[in-house]
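Colleague:
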Amino acid sequence: MNLTILYRGPLSSCNYACDYCPFAKHTETDAEHATDAAALERFLQWVEAQQGKHTLSVFFTPWGEALVRRRYQKALIRLTNLPHLQKVAIQTNLSCRLDWTDDCDKTKLGLWATYHPAEVSRLDFLTRCNEARTRGVRFSVGVVGMKEHLDEIGALCKALPTDTYLWVNAYKRVEDYYSPSELDFLTAIDALFPLNNTRHPSLARACLTGETVFSVDGEGVMRRCHFVKTPIGSLYTDNWESALLPRPCPNETCGCHIGYIHLPELNLYPVFGSGLLERRLPMAQV
Ligand code: SF4
Ligand code: SF4
4 MNLTILYRGP LSSCNYACDY CPFAKHTETD AEHATDAAAL ERFLQWVEAQ
54 QGKHTLSVFF TPWGEALVRR RYQKALIRLT NLPHLQKVAI QTNLSCRLDW
104 TDDCDKTKLG LWATYHPAEV SRLDFLTRCN EARTRGVRFS VGVVGMKEHL
154 DEIGALCKAL PTDTYLWVNA YKRVEDYYSP SELDFLTAID ALFPLNNTRH
204 PSLARACLTG ETVFSVDGEG VMRRCHFVKT PIGSLYTDNW ESALLPRPCP
254 NETCGCHIGY IHLPELNLYP VFGSGLLERR LPMAQV
């Protein structure tokens, strides 16, 4: 089978302090780090054991920042060099060093890089983007569309090379958050902003999660996606494949890129192509 796995282990810490985030500046004990390392190693060994059986893409969506940890850098090196891995992507704030990417198969590596204007200067973030570009790493750049950051988003857009896709995550916790002119402004920056600013009706509709896409936690509990908490199986059992079958979405709506991209009716696989997981549009090749 050709499968996409979203991995989210127990790691829950970050070197940044975004005020809207529960993982801000949270530090973990040595024991918690050891637990996370053991879970990651177990997952990596499972992925390696699938060679000759399945073709896989792996997307790390950590609770916090993983790439400041050497074990996650090594994990990406290890996975991108496996012949049965098609893509290995990760969400990151891009604060980490990037020299380790030289040991990856960069044709398979994708970074979902989020700019946090309250935590890092635009210049420093752009320097990190430039280093990624120079090293031949494929990445998307994105930012949360907070009203107080609109000027900064505009400035970032101007400063980025035109072939770097800048996505804007819509702030949807407040109803009708944006004025018409703000909607126009953000749509001019990210043509797909209206798509993200929508809670897509999904109840009882077909979704590829749970069939060809699934999430797994550090204990191997499989779920169809990050937004439906009901387990569907256990990765570390002999019959894990039996958990995968077509099932309609049980949620009213789906409002996050990592979820709604798998709704066939939105037809977004051809839009993003090989950059689907790291949210990179095909024109944005490095
Ligand atoms: S960079 Fe991401 S994980 Fe870290 S505090 Fe900010 S939002 Fe949270
Ligand atoms: S539509 Fe969204 S919430 Fe529903 S199953 Fe798919 S990814 Fe999950």
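Position in the sequence shown (from 1) plus 3 gives the number in this note's numbering.
Positions of the beta carbon are idealized from the N, C-alpha and C atoms, including for glycine.
#1: Using a 10 Å radius around the Cβ and a threshold of 16 neighbouring Cβ atoms, would you call residue 255 buried or exposed?
#2: The alpha helix (DSSP H) with residue 157 in it runs from where to where?
#3: Among all the DSSP beta bridges, which residues are the ones paired with residue 218?
#4: Anyone know if the C-beta pair for residue 223 and residue 205 falls short of 7 Å?
#5: Excluding the 5 residues preceding and the 5 following residue 288 in the sequence, name in chain order all residues of the same chain whose CB lies nearer than 6 Å to its CB.
#6: State the DSSP-derived secondary structure class of residue 260, mapped to helix, strand or coil.
#7: Within 10 angstroms of the Cβ of residue 3, are there 16 or more other Cβ atoms? Answer buried if so, exposed if not.
#8: In whole angstroms, what is the alpha-carbon distance linking residue 73 and residue 213?
#9: Starting from the C-beta of residue 101, find all residues in its chain whose C-beta is less than 8 Å away, skip the five residues before and the five after it, and write them out in chain order.
#10: Residues in its own chain within less than 8 Å of residue 268 by CB, not counting five upstream and five downstream?
#11: If you reduce the DSSP assignment to three classes, tell me which class residue 94 lands in.
#12: What are the start and end residues of each continuous alpha helix (DSSP H) run of 4 or more residues lying completely inside the stretch 20 to 91, in chain order?
#13: Specify the secondary structure class of residue 288 as computed by DSSP and reduced to three states.
Modeller: In short, the structure shows the following:
#1: Exposed is the call here.
#2: Taken as a continuous stretch (DSSP letters only), the alpha helix (DSSP H) holding residue 157 covers 153 to 162.
#3: Residue 218 pairs with 9 and 226.
#4: No; because the gap between Cβ atoms is not below 7 Å, this pair is not in contact.
#5: Low per-residue confidence applies at residue 288: pLDDT is 40, beneath 50, and the placement is therefore not dependable, though the value from the model is reported in the following sentence. Cβ neighbours of residue 288 beyond the five flanking positions: none.
#6: Here residue 260 sits in helix by DSSP.
#7: In the structure as shown, the chain starts at 4 and stops at 289, and residue 3 therefore has no counterpart that could be examined.
#8: Each residue's Cα considered, the two are about 31 Å apart.
#9: Correct list, in chain order: 131, 134, 135, 138 and 140.
#10: Hits under 8 Å: 208 and 209.
#11: Strand.
#12: The qualifying runs are 33 to 52 and 73 to 83.
#13: Caution applies to residue 288, whose pLDDT of 40 falls short of 50 and renders its modelled position unreliable; the model cannot decide the point.
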